[in-house]
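Going line by line, the protein sequences match chains A and B.
In terms of full-length UniProt numbering, the first sequence opens at residue 1 and continues consecutively.
In terms of full-length UniProt numbering, the second sequence opens at residue 1 and continues consecutively.
Written out below as structure tokens is the structure these notes cover.
Protein chains: 2
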Amino acid sequence: MEKLFRAHLEKIITLTDEEFEYIKSHFSVMNFKRRDFLVRKGEKVTYVFWVISGLLKLNYVDDADKNHVVAFAMEDWWEGDYYAFFNQSSATMSLQALEDTQVLCMTLDSYNTLCREFHKMAYFFLEKANKGHISSQQRILELISTNAKERYDKLLNRYPVLFQRVSHTLIASYLGVTRETLSRLTAQ
Amino acid sequence: MEKLFRAHLEKIITLTDEEFEYIKSHFSVMNFKRRDFLVRKGEKVTYVFWVISGLLKLNYVDDADKNHVVAFAMEDWWEGDYYAFFNQSSATMSLQALEDTQVLCMTLDSYNTLCREFHKMAYFFLEKANKGHISSQQRILELISTNAKERYDKLLNRYPVLFQRVSHTLIASYLGVTRETLSRLTAQ
DNA sequence: TGATAATTGTGAGATTTGTCACGATTAATA
DNA sequence: TATTAATCGTGACAAATCTCACAATTATCA
Numbered sequence: 001m002e003k004l005f006r007a008h009l010e011k012i013i014t015l016t017d018e019e020f021e022y023i024k025s026h027f028s029v030m031n032f033k034r035r036d037f038l039v040r041k042g043e044k045v046t047y048v049f050w051v052i053s054g055l056l057k058l059n060y061v062d063d064a065d066k067n068h069v070v071a072f073a074m075e076d077w078w079e080g081d082y083y084a085f086f087n088q089s090s091a092t093m094s095l096q097a098l099e100d101t102q103v104l105c106m107t108l109d110s111y112n113t114l115c116r117e118f119h120k121m122a123y124f125f126l127e128k129a130n131k132g133h134i135s136s137q138q139r140i141l142e143l144i145s146t147n148a149k150e151r152y153d154k155l156l157n158r159y160p161v162l163f164q165r166v167s168h169t170l171i172a173s174y175l176g177v178t179r180e181t182l183s184r185l186t187a188q
Numbered sequence: 001m002e003k004l005f006r007a008h009l010e011k012i013i014t015l016t017d018e019e020f021e022y023i024k025s026h027f028s029v030m031n032f033k034r035r036d037f038l039v040r041k042g043e044k045v046t047y048v049f050w051v052i053s054g055l056l057k058l059n060y061v062d063d064a065d066k067n068h069v070v071a072f073a074m075e076d077w078w079e080g081d082y083y084a085f086f087n088q089s090s091a092t093m094s095l096q097a098l099e100d101t102q103v104l105c106m107t108l109d110s111y112n113t114l115c116r117e118f119h120k121m122a123y124f125f126l127e128k129a130n131k132g133h134i135s136s137q138q139r140i141l142e143l144i145s146t147n148a149k150e151r152y153d154k155l156l157n158r159y160p161v162l163f164q165r166v167s168h169t170l171i172a173s174y175l176g177v178t179r180e181t182l183s184r185l186t187a188q
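The structure is reproduced here in structure tokens:
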């Protein structure tokens, strides 16, 4: 696992053994069972997570009590309620394990310390944030410019493995349509 | 203008006069007339922009030749084709002035230099990227969980001034609906 | 100012998507 | 393994949105 995390960091920055040890000391490992909540709506958000193994869903419940999958997070992905994390406020969304999942977690204090005392990590997070911002913008583009079928095809093409691990109901929710609509689109 | 930009930076970081001069030297001022393109689809992206005065739209043309407003940018906002900028590739979108507009522009070299040699700026951009990521995620949430009328109301509520400066056609495009649909929604 | 372009509203009908309901199948777990 | 829960497909109908068309109004700028 440590090797995986180090490899993850070294895709963007280079590290000595000592530097990696220093970084590692700011993270802790946590284990969750399928269906466990890593973040619960309304409760204070203490961590963001890096997925070692398993699968997470970030879920939003709207005013009409409908669920919406905002994001999935697989191995090697970061996830969390970033808004609540950075504002140290209570969660607007929930983060739940869809499989037994092991994560590294980081507090805001650790984040700030790492950024302040070790500028390589600030650069690492900057790169991550930029990429996250860009991919969010591309998802917005997809949502306003393509229909559900095209979004389905694109997702299947990019993350085929997701379709073996996640129910169609959740895929539909992520795509912004009902499961019935998705079922009909894919029947053809 | 310089004061505005300094105030913009100092919302996040503190600066001495010398530091601000150093930062400023990495930006240049450019002026655009209404309808001018700051970024043209297909052409190499050299800059990202900070709007001093005026108004921009970020526009995407899909495979069916339909236009989609990805974002507006008013005074005090950053905008650009970030994907193409960071990858130094050709533009996937266009950025066009909706009013006569004055901007500060920054090259990727300047960005990298600023981040490397002046860590306060890396932190500034990190904060901006995080906030951009979060607000994109919130827009995704809106797109998958609310109908056009709710999105319209929310936008009107947050940026009332936008409705005095931008045509309904463009607002509709930003909201992901046709102008006819928006016209009918707001007639009631 | 006068010609031209852009914007807006609205009707009619097609298309897409949602809602609710039901039964069949598969997966989870006590 | 027996029971319960989750998932999936589909029919029937409702609601939302799109498409195309046309005319009226407003803005632009040569």
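All residues carry an ideal CB built from backbone N, CA and C; glycine is no exception.
Everything numeric in this text was worked out from a predicted model, so none of it was measured.
Classify residue i: buried if its beta carbon has 16 or more other beta carbons within 10 angstroms, exposed otherwise.
i                      : result
B:Thr-101              : buried
B:His-168              : exposed
B:Leu-4                : exposed
B:Val-70               : buried
B:Met-121              : buried
A:Ser-28               : exposed
B:Phe-125              : buried
B:Arg-151              : buried
A:Gln-88               : exposed
A:Ser-136              : buried
residue 192 of chain B : Shown here, chain B extends from 1 to 188; a query on residue 192 of chain B therefore has no answer.
residue 211 of chain B : Summary: the structure shown does not reach residue 211 of chain B, with chain B confined to residues 1 through 188, and so no result is reported for it.
B:Val-161              : exposed
A:Ala-64               : exposed
A:Phe-85               : buried
B:Met-106              : buried
A:Asp-109              : exposed
B:Asp-81               : buried
Along chain B, which residues have their Cβ under 7 angstroms away from the Cβ of residue i?
i        : result
A:Phe-86 : Asn-130
A:Arg-40 : Under the 7 angstroms cutoff, chain B gives no residues; its nearest Cβ is about 18 angstroms from A:Arg-40.
A:Val-70 : Gln-137, Ile-140 and Leu-141
A:Lys-33 : Ordered by position in chain B, no residue passes the 7 angstroms Cβ test against A:Lys-33, which lies about 27 angstroms from the chain.
A:Asp-62 : Ser-145
A:Gly-54 : Within 7 angstroms Cβ-Cβ: nothing; A:Gly-54 doesn't reach chain B, min ~22 angstroms.
Assuming residue i and residue j make a contact with CB atoms under 8 angstroms, what is their CB distance in whole Å?
i         : j         : result
A:Val-48  : A:Trp-77  : Going by Cβ atoms, the distance from A:Val-48 to A:Trp-77 rounds to 11 angstroms, so no, they are not a contact pair.
B:Val-51  : B:Met-74  : 6 angstroms
A:Ile-12  : A:Glu-127 : 5 angstroms
A:Val-39  : A:Ala-91  : 5 angstroms
A:Tyr-123 : B:Cys-115 : 7 angstroms
Would you please verify whether the beta carbon of residue i is less than 8 angstroms from any beta carbon of chain B?
i         : result
A:Gln-96  : no
A:Leu-156 : no
A:Cys-105 : no
A:Asp-153 : no
A:Asp-65  : no
A:Ile-23  : no
A:Ala-122 : yes
A:His-26  : no
A:Ile-171 : no
Should residue i be flagged as near chain A, meaning a C-beta pair shorter than 8 angstroms?
i         : result
B:Arg-139 : yes
B:Ile-144 : yes
B:Gly-80  : no
B:Tyr-83  : yes
B:His-119 : yes
B:Thr-134 : Position check: residue 134 of chain B holds Ile in this sequence, whereas Thr was assumed. So yes, B:Ile-134 belongs to the interface.
Looking only at C-alpha atoms, which of the options sits nearest to residue i?
i         : options                                      : result
B:Arg-139 : B:Asp-109, B:Phe-125 and B:Gly-176           : B:Gly-176
A:Leu-156 : A:Thr-178, A:Tyr-82, A:Ser-145 and A:Leu-182 : A:Leu-182
A:Leu-95  : A:Leu-55, A:Asp-109 and A:Glu-117            : A:Leu-55
B:Phe-72  : B:Asp-63, B:Tyr-22, B:Lys-57 and B:Tyr-82    : B:Lys-57
B:Ile-134 : A:Lys-154, A:Pro-160 and A:Tyr-83            : A:Tyr-83
B:Ile-144 : A:Leu-162, A:Tyr-60, A:Thr-186 and A:Pro-160 : A:Tyr-60
B:Gly-42  : B:Leu-141, B:Met-93 and B:Arg-165            : B:Met-93
A:Arg-34  : A:Leu-108, A:Tyr-111, A:Leu-170 and A:Glu-99 : A:Glu-99
A:Arg-184 : A:Arg-116, A:Ala-148 and A:Arg-40            : A:Ala-148
B:Tyr-111 : B:Gln-164, B:Leu-141, B:Leu-170 and B:Thr-46 : B:Thr-46
B:Thr-186 : B:Asp-153, B:Asn-67, B:Val-166 and B:Tyr-159 : B:Asp-153
A:His-26  : A:Ser-53, A:Leu-170, A:Thr-113 and A:Asn-130 : A:Thr-113
B:Leu-104 : B:Leu-15, B:Thr-16 and B:Ser-53              : B:Ser-53
B:His-68  : A:Glu-10, A:Glu-142, A:His-119 and A:Gly-132 : A:Glu-142
Mind pulling the chain A residues with CB within less than 9 angstroms of residue i?
i         : result
B:Phe-125 : Leu-126, Ala-129 and Asn-130
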